[in-house]
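Right, one structure below, let's go through it.
There are 2 protein chains.
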Amino acid sequence: MPYASFASMPCALGRPAALLGERWTLLLLRQIFLGTRRFEDFQATMEISRSVLTDRLNVLLQEGVLKRVPYQEDGRTRHEYRLTEKGRDLYPVLMALRTWGEKWMAPEEEESFHLHHRDCGGGVRARVECTDCGAELTARDVQVTARQ
Amino acid sequence: MPYASFASMPCALGRPAALLGERWTLLLLRQIFLGTRRFEDFQATMEISRSVLTDRLNVLLQEGVLKRVPYQEDGRTRHEYRLTEKGRDLYPVLMALRTWGEKWMAPEEEESFHLHHRDCGGGVRARVECTDCGAELTARDVQVTARQ
DNA sequence: CTCCTTGCGTTCGTTTTTCGAACTCAGCTA
DNA sequence: TAGCTGAGTTCGAAAAACGAACGCAAGGAG
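Line by line, the protein sequences give chains A and B. Using this note's numbering, you'd call the opening residue of the first sequence number 7 and step up by one each time. Using this note's numbering, you'd call the opening residue of the second sequence number 7 and step up by one each time.
Now the structure itself:
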């Protein structure tokens, strides 16, 4: 059981990496953070096949990243996919990807969207910091202590 | 061309998400940040098939995330895979995943490794902040402005 | 020189995923 | 009654991943 076995590895980095490293999952989360909530809209905007979309949504539901929420439309009850608190907590992951993308993968200046702090209008970035002294950290500043 | 077309989408989040969202790529980067550098070691520790490993390494080389660096062993010249500056800059992405994993996916207290700030011994975490006022931001604090 | 070992891939036939078009189904609407 | 719509499910074809075997270059041993 090659890839799937990472889902049970005792590693706080490996497990999320395996979950979000499945094809389409990160792009699906991006779309969700951009406001998409309905099956048809995911399917239309991402051009993902319906069967895979079903599968990925179910995995994220099962993991507690998404929840199905009923809503009314044309007098009918339907369901939409929304982030749970656990799902919303993935925001730093997406922002770290975007911060990296802006620095290293910006195609031109053509971005599909902009982000601003509502209160002050400033930009948004992800950073790694020390929980004690608050210093910004790079990989070189961090000591890795293996457990085996 | 469904998934692959995201590689050229004009979005600083979508492009990295498509690149790192390919199966094995995040787990490969995890292994690299943990210090693995050689083909055989990736293959042994991750149980990835050799052909897919070759492909993923080549994609990361092509994207400039990794570079092949010659080194000596037993008097022979060999090559190892190392992070470029672009690659090292992915650190916040991995740390954001780990911060999330610690909060939401910790299996037990059994972690495979620990991280500490070399200077003060503190813990490590990723956070999102405003580039102007420095406030920590959640998804709710950020205004998304679409471009089309 | 010839054989053996090692690290690093490549090849290739089989199994898994993904694709995409068609189908299903429930709940309105005309 | 028939039609429409959102949300999936099904299924045959195509693509990707798997894994065991093969290739190959550079040393070392005999």
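Where a beta carbon is used, it is the ideal one built from N, C-alpha and C, also for glycine.
Query, Result
"Own chain, CB closer than 6 Å to Arg-62(B), minus 5 neighbours either side, in chain order", "Trp-30, Thr-31 and Leu-34"
"Under the three-state DSSP convention, the category Val-71(B) falls into", "coil"
"Stretch-stretch touch, CB-based, cutoff 8 Å, three pairs: the region 140-151 of chain A with the region 124-140 of chain B", "yes"
"Residues near Lys-92(B) by beta carbon distance below 6 Å, same chain, minus five either side", "Gly-70 and Val-71"
"Test: Val-75(B) CB closer than 9 Å to a CB of chain A", "no"
"Extent of the continuous alpha helix (DSSP H) run through Leu-100(B)", "97-110"
"Chain-order list of residues whose beta-carbon lies under 7 Å from that of Arg-133(A) (same chain, five-residue window excluded)", "Glu-142"
"Length of the line joining the Cα atoms of Met-111(B) and Arg-21(A)", "7 Å"
"Inter-residue spacing [alpha-carbon to alpha-carbon] between Leu-67(B) and Ala-24(B)", "16 Å"
"N-terminal and C-terminal residue of the beta strand (DSSP E) that Thr-151(A) is part of", "148-152"
"Cβ neighbours of Ala-102(B) in the same chain (closer than 7 Å, five flanking residues each side left out)", "Ala-132"
"Min CB distance Arg-29(A) to chain B below 9 Å", "yes"
"Extent of the continuous beta strand (DSSP E) run through Leu-89(A)", "82-89"
"Cβ of Phe-156(B) within 9 Å of any chain A Cβ", "Any answer about residue 156(B) is impossible in this case: the structure gives chain B only from 7 up to 154."
"Through-space distance from Arg-74(B) to Pro-16(B), alpha-carbon basis", "29 Å"
"Nearest residue (CA-CA) to Thr-151(A), options Gly-129(B), Ser-14(B) and Pro-8(B)", "Gly-129(B)"
"Contacting residues, own chain, Cβ-Cβ under 7 Å from Thr-105(B) (five flanking each side not counted)", "Arg-131 and Ala-132"
"Chain B contact residues for Asp-95(A), given Cβ-Cβ distances below 8 Å", "Trp-106, Lys-109 and Trp-110"
"is_contact[Gln-149(A), chain B] using C-beta, thresh 9 Å", "yes"
"Arg-43(B) CB to nearest heavy atom of the ligand NAD below 8 Å", "This structure lacks the ligand NAD; in fact it carries no ligand of any kind."
"From Leu-89(A), Leu-96(A), Glu-28(A) and Gln-78(A), residue whose alpha carbon lies closest to that of Arg-43(A)", "Leu-89(A)"
"As assigned by DSSP and simplified to three states, the class of Leu-35(A)", "helix"
"C-alpha distance - Leu-59(A) paired with Ile-54(B), whole-angstrom precision", "25 Å"
"In DSSP terms, what Arg-133(A) is bridged to", "Arg-133(B)"
"9 Å Cβ cut-off: residues of chain A touching Ser-118(B)", "Met-15, Pro-16, Cys-17, Ala-18, Leu-19, Gly-20, Ala-152, Arg-153 and Gln-154"
"Own chain residues within Cβ distance below 6 Å of Asp-95(B), not counting five before or after", "none"
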